[in-house]
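Have a look at the structure below, then the notes.
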Amino acid sequence: MENKRIYISSVLLCLLFVSNSLIAQKGKKEDVETITAEANREVPPAYRISEMPKIIDTVIKHRETSYSLLALKYNTTISVDTIQAANIKLKDKLPQLYNTYVRLGIGYPVMPLADVYYNNGRSRNYFYGGSLNHLSGFNKIKNYASGNFDRTKIRLYGGLRKESWSADGELTGNFRGLHYYGVRDKEVAKDTIRQRYNEMGFKAGFASHKKDSANLNYKIDFTYLNFSDRKPKEDSLSKWHSRENYVDFAPKLWYKWGKETFGLDLGVKYNGYRYGIADSSLSAIDSGLTINNTIVNLKPHATTYAFNNKLKATVGFNMVYDAGIVNKFRIYPVVEVKYNLLNDLFIPYLNIGGGLKQNSFHTMSYENEFILSNQQLRNESNTIRIEAGIRGTISNKIGFNASIEFGNYKDKLLFVTDTLYAVDRNKFRAIYDTANIAKIEGSIFYQLNEKIKLDLIGRYYSYSFKNEIFAWNLPTTQFIFRGSYNLYDKFLLALNFNLEGGRKAKVFEAGEKTVEEEGQYAKSLGFIYDIDLHFEYRYNTRISVFLDLNNVAANRYNRWLNYPVYGFQVMGGFTFRF
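Right under this line is the structure:
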């Protein structure tokens, strides 16, 4: 209001001034009259406006526009064009698969050979088949007893394959006959040195194959084996021989979650060994023996991948309970690491582990078939095993592997000649000792498609035993060379060369070529150098002929003490498919 009053007063003063000026101008023509007077005029006091200036703007509110939805329906038509089926022509047709393969041969010294294989052919849902293998030899080794032998193996198998599961089974029979010919007497009666191993068993397995990683997969394997050696002819002594019943139940579980796979392996192994009649004896040194050996293990582990799947690592531990012989609980580490460098050119790896090996009369007979029927059985504990190495490829044709390994073993199995039961010292018994074993291994291979294949392997062993001065019958050096050449798929040539050195056998008295250390006597078994050649001519895809030359150097080396091998051998025959 005050501002408005000042504004109106100013306007009135201006009008008064203009009117007086106009009157004065009119009066110039007349006499000018000046009036002077005194008067009091009050001027109101001035004050500062306290409010700050501000802009007052007018906001115009826009009207909101709305659009109503219109329900529109468009009729569409779909037409499917027919696509002509593509014709695929394979450049190389799949080779014809024959159901039966037969290999027959005869050798010198007299050695008949027969191998027969049968399978059902290609099928996505099932498979079945069988095989029969036989090899026997009739040969007289100079200055030794009869060394005749025969080996026959029968196998029947079958199974089903489905998308989410699979099942398989197998029946086996393995029959081996031999003679304890390690006697320097050609007149020894064959029946007194004859031995026969009979083995029959079956295997069954079931596994799930669920592809979804959120599912738990599993596998269950079951094995049963009955094993025995030759029965005495006398009915009263029919039980005085060795027999075993072996059972292995091994379920496995695994679950994949992202890049990790978690697994759990379980196992129960039972081996019941019997010799003679328990709590009875034939003589002061020959008593009945019963050993029930059970091993229970639980192995949790996990596998992971990292660095774009270049690193693979498996870690876990294996808990084992020896419930049959010593009643002891053991834990072994499980560590496996490998890393892929430069796209498989170099793969360094590290393995740390161990385990408990169940020794049985059955497994011993395959390692050394000239053993006594009366054996003491112990489980071999590999308390720690460390292996480090690197493998890789130099080119697309050449690869290599180099490693170093160290292990500590308790109750390491060794074989020595028996002087108690075997008067002629032509049989072996098992002994056990604690050992540290180191191994250095290197290998290189070359492969040019399917035309040329070459392998060279070299190993060096170092042994340190607690009680024994040497690792009886085990080599310190070993070299293996294998090569094959395929010419136009018509002519095939193969070469195998094996060299072993440093083997020593334990003897119990001083003699020729024996050494003595710490009251023990050892005899060198010499070098094993064995060269085998194989030639084959393929008349067509169904018929071929072959010629095998074994032990070309004719070296009658001793595989075991007083057990020289056959000399030069020739085997010829043919194969056919139908």
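Residue numbers for the sequence shown follow the numbering used here, beginning at 528 and rising by one.
In this text, a Cβ means the ideal position worked out from N, Cα and C, and glycines have one as well.
Output yes or no for whether 7 angstroms exceeds the beta carbon distance between residue i and residue j.
{"i": "Tyr707", "j": "Phe897", "result": "yes"}
{"i": "Arg723", "j": "Gly700", "result": "no"}
{"i": "Ile1110", "j": "Leu877", "result": "The requested residue 1110 does not occur in the structure, where the chain is confined to residues 528 to 1105."}
{"i": "Gly843", "j": "Val864", "result": "no"}
{"i": "Tyr635", "j": "Val1097", "result": "yes"}
{"i": "Ile804", "j": "Lys766", "result": "yes"}
{"i": "Asn675", "j": "Phe702", "result": "no"}
{"i": "Gly1099", "j": "Ala1081", "result": "no"}
{"i": "Asp960", "j": "Glu995", "result": "yes"}
{"i": "Asn1013", "j": "Glu977", "result": "yes"}
{"i": "Tyr802", "j": "Ser755", "result": "no"}
{"i": "Leu1076", "j": "Tyr1056", "result": "no"}
{"i": "Ile1070", "j": "Phe1103", "result": "yes"}
{"i": "Ile747", "j": "Pro778", "result": "yes"}
{"i": "Lys1033", "j": "Val943", "result": "yes"}
{"i": "Lys954", "j": "Leu899", "result": "yes"}
{"i": "Tyr782", "j": "Asn798", "result": "no"}
{"i": "Ile984", "j": "Ile1007", "result": "yes"}
{"i": "Glu761", "j": "Tyr800", "result": "no"}
{"i": "Ser735", "j": "Trp692", "result": "yes"}
{"i": "Leu838", "j": "Tyr859", "result": "no"}
DSSP beta-bridge partners for residue i?
{"i": "Pro1091", "result": "Asn1085"}
{"i": "Gln1047", "result": "Glu1044"}
{"i": "Val774", "result": "Tyr751 and Tyr797"}
{"i": "Asp849", "result": "Ile822 and Lys855"}
{"i": "Ala1021", "result": "Ser1011 and His1061"}
{"i": "His661", "result": "Ala641 and Thr679"}
{"i": "Val1079", "result": "Val1079 is not bridged to any residue."}
{"i": "Ile898", "result": "Phe955"}
{"i": "Phe654", "result": "Gly686"}
{"i": "Ala915", "result": "Leu877 and Ile931"}
{"i": "Ala1032", "result": "Lys1050"}
{"i": "Pro860", "result": "Phe844"}
{"i": "Glu1027", "result": "Gln1005 and Ile1055"}
{"i": "Lys667", "result": "Ser673"}
{"i": "Lys1107", "result": "Because residue 1107 is not part of the residues shown, which for the chain are 528 to 1105, the question remains open."}
Within 10 angstroms of the Cβ of residue i, are there 16 or more other Cβ atoms? Answer buried if so, exposed if not.
{"i": "Lys738", "result": "exposed"}
{"i": "Tyr671", "result": "buried"}
{"i": "Lys796", "result": "buried"}
{"i": "Phe1105", "result": "exposed"}
{"i": "Tyr1090", "result": "buried"}
{"i": "Ile533", "result": "With a pLDDT of 46 at Ile533, under the threshold of 50, the modelled position of this residue cannot be trusted; read the value that follows with caution. It counts as exposed."}
{"i": "Leu1088", "result": "buried"}
{"i": "Val637", "result": "exposed"}
{"i": "Ile633", "result": "exposed"}
{"i": "Tyr893", "result": "exposed"}
{"i": "Ile550", "result": "Legend: pLDDT at Ile550 = 45, less than 50; position of this residue unreliable, value from coordinates given subsequently. So Ile550 counts as exposed."}
{"i": "Gly1046", "result": "exposed"}
{"i": "Tyr1066", "result": "exposed"}
{"i": "Ala612", "result": "exposed"}
{"i": "Ile1109", "result": "In this structure the chain extends from 528 to 1105, so residue 1109 is not present and cannot be described."}
{"i": "Ala1037", "result": "exposed"}
{"i": "Asn835", "result": "exposed"}
{"i": "Asp712", "result": "exposed"}
Would you grab the beta carbon distance between residue i and residue j for me? Rounded to a whole angstrom, and I think it's under 8 angstroms.
{"i": "Tyr655", "j": "Tyr684", "result": "7 angstroms"}
{"i": "Tyr653", "j": "Gly686", "result": "7 angstroms"}
{"i": "Leu883", "j": "Asn906", "result": "5 angstroms"}
{"i": "Gly1010", "j": "Lys1031", "result": "Contact flag wrong, Cβ pair sits at about 31 angstroms."}
{"i": "Asn963", "j": "Asn1000", "result": "Asn963 to Asn1000, Cβ: 18 angstroms. No contact."}
{"i": "Gly657", "j": "Asn626", "result": "No, Gly657 and Asn626 are not in contact; Cβ-Cβ is about 11 angstroms, not under 8 angstroms."}
{"i": "Arg912", "j": "Gly880", "result": "5 angstroms"}
{"i": "Ala741", "j": "Glu787", "result": "The pair is not a contact, with the Cβ atoms about 13 angstroms apart (cut-off 8 angstroms)."}
{"i": "Tyr751", "j": "Phe729", "result": "6 angstroms"}
{"i": "Gly1029", "j": "Pro1002", "result": "5 angstroms"}
{"i": "Gly916", "j": "Ile931", "result": "7 angstroms"}
Checklist entry - Fully enclosed by the segment 776-847, which alpha helix (DSSP H) runs are 4 residues long or longer? => result Within the segment 776-847, no complete alpha helix (DSSP H) run reaches 4 residues.
Item to check | In chain order, each beta strand (DSSP E) run of at least 3 residues that lies wholly inside the segment 917-989 | outcome: Secondary structure within the segment 917-989: the beta strand (DSSP E) runs of 3 or more consecutive residues, fully enclosed, are 925-944 and 955-975 (chain order).
Checklist entry - Hey, which unbroken runs of the beta strand (DSSP E) at 3 residues or more fall wholly within the segment 690-771? => result Counting only runs of 3 or more residues that sit fully inside the segment 690-771, the beta strand (DSSP E) segments are 692-706, 721-735 and 743-755, in chain order.
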